[in-house]
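Novice: Under the working numbering, think of the first position of the sequence shown as 1069, with each following residue one higher.
Ideal placement from N, C-alpha and C gives every residue a C-beta, glycine not left out.
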Amino acid sequence: MSANQKSPHKTILIIISVVVVLLGVLLVLIPPALFPDPANGFHVLRCMQLGGPFNTMVAPDQSDIAQNYTEFITWWAPGQYLVPYFFKLIAGVNTGQAMAITVALAQLCGLAGFYSFFKKIGFTPTISALSLLFIICQVAFFVPYVFYTGGEVLLFAFEGWFLYGCVALQKQDWKLLLFVLLSGWMGFFFKSSFLWMYIAGLFCLWARLSLSSQGIVEWLKKGLWIGVPAALSLAAIYILFLSKGQSPATVSKGFKLTTATFSFPLSTPLLSGFSLDDFFHGLLYNFGKPMFSHFWSVAIVFSLAILSLLLIWTLIKSVHNNNYRLFIFVFYFGALLFFGFAYLKQLNISYEARHFRIIGILIAPGLIYVVSRLKRGYQLAFTVVCLGIAGYSVNYVIKGYNINQNQSAKGTTGISQINIDQQSLNAIMKLDRENKDATFVFIANDVSLEVMHNRVINLSPIGDDYKIDIDDYKYDGFAGPLFIILPETYNGPKEKLVMKSFPGYTGFNLSMLSDKYVLYEARMKR
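#1: Near A1134, which residues of its chain fall below 6 Å by C-beta distance, leaving aside the five closest residues on each side in sequence?
#2: Would you decide whether V1088 is buried or exposed? Buried here means 16 or more other CB atoms lie within 10 Å of its CB.
#3: Could you compute how far the alpha carbon of R1591 sits from the alpha carbon of N1503?
#4: How would you label D1500, buried or exposed, when you count the other beta carbons within 10 angstroms and need 16 or more for buried?
#5: Which whole-angstrom value is the C-beta distance of I1426 and M1265, which I expect to be below 8 Å?
#6: Starting from the C-beta of F1258, find all residues in its chain whose C-beta is less than 7 Å away, skip the five residues before and the five after it, and write them out in chain order.
#7: For the beta strand (DSSP E) that N1577 lies in, which residues bound it at each end?
#8: Look at the alpha carbon of L1113 and the alpha carbon of Y1149, and state the distance between them as a whole number of angstroms.
#9: Pick out whichever of T1557, T1142, I1488 has its Cα sitting closest to the Cα of Y1306.
#10: Note down the Cα distance separating V1509 from N1136, rounded to an integer number of angstroms.
#11: Roughly how many angstroms lie between the CA atoms of L1062 and Y1460, to the nearest whole one?
#12: As a quick exercise: from L1250, S1582, R1422, R1441, pick the residue whose alpha carbon is nearest that of S1340.
#13: With a threshold of 8 Å, are at least 3 pairs of Cβ atoms found where one atom belongs to the region 1287 to 1299 and the other to the region 1366 to 1383?
#14: Report buried or exposed for Q1282, applying the criterion of at least 16 other Cβ atoms within 10 angstroms of its Cβ.
#15: Which value, in whole angstroms, describes the spacing of the CA atoms of Y1541 and K1568?
#16: Nearest CA to the CA of L1173: which residue from F1551, P1212, F1110?
#17: On the DSSP bridge assignment, give the partners of F1359 in chain order.
#18: Mapping DSSP to helix, strand and coil, what is L1270?
#19: Measure the CB-CB distance between Y1437 and V1387 and report whether it falls below 7 Å.
#20: With distances taken Cα to Cα, identify the nearest neighbour of E1139 among G1164, A1159, H1111, V1151.
#21: Output the boundary residues of the alpha helix (DSSP H) element that contains N1470.
#22: Going straight from the alpha carbon of A1071 to that of Y1232, what length do you get?
#23: Residues bridged to K1593 by DSSP?
#24: How far does the beta strand (DSSP E) with V1524 in it reach, from first residue to last?
#25: Taking 7 Å as the limit between beta carbons, can you name the residues of its chain near N1123, skipping five residues before and five after?
#26: Would you decide whether V1452 is buried or exposed? Buried here means 16 or more other CB atoms lie within 10 Å of its CB.
#27: Indicate the three-state DSSP secondary structure (helix, strand or coil) for V1319 in the structure shown.
#28: In the DSSP assignment, find the unbroken alpha helix (DSSP H) run with A1432 in it and report its ends.
#29: Between the beta-carbon of L1176 and the beta-carbon of L1200, is there less than 7 Å?
#30: Using the three-state DSSP reduction, which class does T1142 fall into: helix, strand or coil?
#31: For A1403, tell me which candidate among F1332, V1151, G1164 has the shortest Cα-Cα distance.
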């Protein structure tokens, strides 16, 4: 029998590694586009490079556009832009290529971390390797190859190694203290939502270390080894970062209980693990054309919640591994408590399965183990389902590569600009070079990153219902030339709403940048 037949996991790992490396190389050649959240982070970096304070947004003041306001950004963790900036500095590449390098390395690091965790927690190398195949079938794995997701991909790189540490540490010593202290800071640096996973992981670590102890006093003693450095880590994060501004967890609209409040977190093993939320273009938070009405979306989520509970129960009952049972139980119901309360309080956290990706990852080894013990027919059916998910994911990334390579515009940053065409972007960059005291206005915050010499304002897109918050749109005063760049589709009421947002300007001139984008230019004070 050959070595490959004896060790099929090695063949699987080699195939996965080759595929991921090739995807990374292709991404460097065709850099990704940019999601709005990390685009905000890169605007902070832009402000820092222009002389602004650390992690602080500097932008025109709405009460007087001639002045600037500053805001320390606590909404997103700084790792989403600082990690690519690190690669930009050491490799001498542009921002788009730096994002590509970040994604390529993060994906490899994340897969290695979860493979190590799955083995450490008690699964065989083959089950662990097959679990990686299941993970890379998911749409969430392919999204960063089309759009740079910032904290999402960085968190994937770190999660597996954090969980590995929660299993590998066996005694109370300086290594445990250092791990607890530093992992909180590192995880938060990559993505702020890591905090709930941090607490869940440390609870699992505490439970593991204390299960052989007799009495509550011993549990408390061992808990202090974890609780003290964890409290120091969280205190530093709050004092040095979170206390300086608002975050999604601080903006509440009051309590509201709906069917989706708790059923959505319960449904995420299937929504995330099998990419159903992506396939349906977002059941409750639409990022494409909705496939169902709200009523039927809620009904589907409720049904998936019941099926997910049955799946988790099956995994806990069938996988005879106490460590795995502990992690799957704590993380699943920890997510339910954290996000259920967030949705109940109507915090600014969306109903998206991407927030629960760790649940879709954790079910992988248990699910593969259970399927491996079933009859051939069930194994074949499961394989067909996985191939279907993989086919959908591959189709997504092929379309994304095609758009980023052939349809998106490219500017000085190297980012694939999907919200502008090349002709218009060239005209914008020319205006930027020719003016030093102008203000550019966009409704796509990724495009404004190409403006290097002037100030920018990013407005939220206007929906077809024309509903806008005037407090977010209105900019009083006058501050030199004003260049508003809008899609041609804004012609009519939408363009008028935007121009009225700058009451200090008059004499707007309209010129076509291309057949799809329009420049509204004003240089006169009202």
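Specialist: Once the coordinates are examined:
#1: G1545, A1547
#2: buried
#3: Approximately 12 Å, taken between the alpha carbons.
#4: buried
#5: At roughly 6 Å, the Cβ-Cβ gap stays under 8 Å, so I1426 and M1265 are in contact.
#6: A1145, G1147, G1219, L1222, L1223, F1226
#7: 1577 to 1580
#8: Using only the alpha carbons, I get a separation of about 7 Å.
#9: T1142
#10: One C-alpha to the other measures close to 15 Å.
#11: An answer regarding residue 1062 cannot be provided, because it is not within the stretch 1069 to 1594 covered by the chain.
#12: R1422
#13: Contact between the region 1287 to 1299 and the region 1366 to 1383 is absent, because fewer than three Cβ pairs lie under 8 Å.
#14: exposed
#15: 9 Å
#16: P1212
#17: Checking the sequence shown, residue 1359 turns out to be Met, not Phe. In DSSP, M1359 forms no bridge with anything.
#18: If DSSP states are grouped into helix, strand and coil, L1270 belongs with the helices.
#19: yes
#20: The shortest Cα separation from E1139 among G1164, A1159, H1111, V1151 belongs to H1111.
#21: 1444 to 1470
#22: Because A1071 carries a pLDDT of 44, less than 50, the predicted location of this residue cannot be relied on, and no value is offered for it.
#23: DSSP, once it has assigned bridges, lists Y1573 as partnering K1593.
#24: 1523 to 1526
#25: V1112, F1140, I1141, P1146
#26: Burial call: exposed.
#27: Three-state result, V1319: coil.
#28: 1425 to 1440
#29: At least 7 Å separates the beta-carbon of L1176 from that of L1200.
#30: coil
#31: F1332
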